[in-house]
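Colleague: This is the structure I want to talk about, given as structure tokens.
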Amino acid sequence: MFPGKMNPKKMKQMMKQMGMEMEEIEGVEKVVIYTPAGNYVFDDAQVVATTMQGVTTYQLTGEARFEEAVPEIPDDDVALVASQAGATEEAARAALVETRGDIAEAILKLAQQ
């Protein structure tokens, strides 16, 4: 699109003429993207906001690490697993967390102990 190397100042001027504005967001310490499976965490991320024709988009640059989501375990599930496996509620909850909420697998796991 742009031949050769271009002076950053000229590039910024051309972008402004085309109705584009770019601005780096200063002081970003962390960006987290939440998903049902877990969270993508960017420490020391660089974020650039680009506005064109009234629409702002954000570009994110940095190293991401994935933190797996911890499932929410309903108390009813804990009670069911504890009663079926003959285990304490603490052991039942631990088994449910380990099996990511799978009731049958948690009962089998506790029954094998």
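In full-length UniProt numbering, the protein residues as written are 1 to 113.
For glycine and all other residues, C-beta sits at the position ideal for the given N, C-alpha and C.
Round the Cβ separation of A49 and Y40 to the nearest angstrom and send it over; I've been treating them as touching at under 8 Å.
Modeller: Not really, about 19 Å apart at Cβ, beyond 8 Å.
Colleague: Whose C-alpha, out of V70, R100, E67, K109, is nearest the C-alpha of A82?
Modeller: K109
Colleague: List the DSSP bridge partners of A49.
Modeller: E23, Y58
Colleague: Locate the alpha helix (DSSP H) running through V97, then write down its first and last residues.
Modeller: 89 to 98
Colleague: Given residue 119, which residues of its chain have a CB within under 6 Å of its CB, disregarding the five upstream and five downstream residues?
Modeller: Shown here, the chain extends from 1 to 113; a query on residue 119 therefore has no answer.
Colleague: With respect to the beta strand (DSSP E) encompassing V31, which residues constitute its N-terminal and C-terminal limits?
Modeller: 30 to 35
Colleague: Could you spell out where the beta strand (DSSP E) holding A69 opens and where it closes?
Modeller: First-last for A69: undefined, no H or E at that position.
Colleague: Comparing C-alpha positions only, which one of K9, A92, G19 sits nearest to V55?
Modeller: Per the Cα distances, G19.
Colleague: By DSSP, does D44 sit in helix, in strand, or in coil?
Modeller: coil
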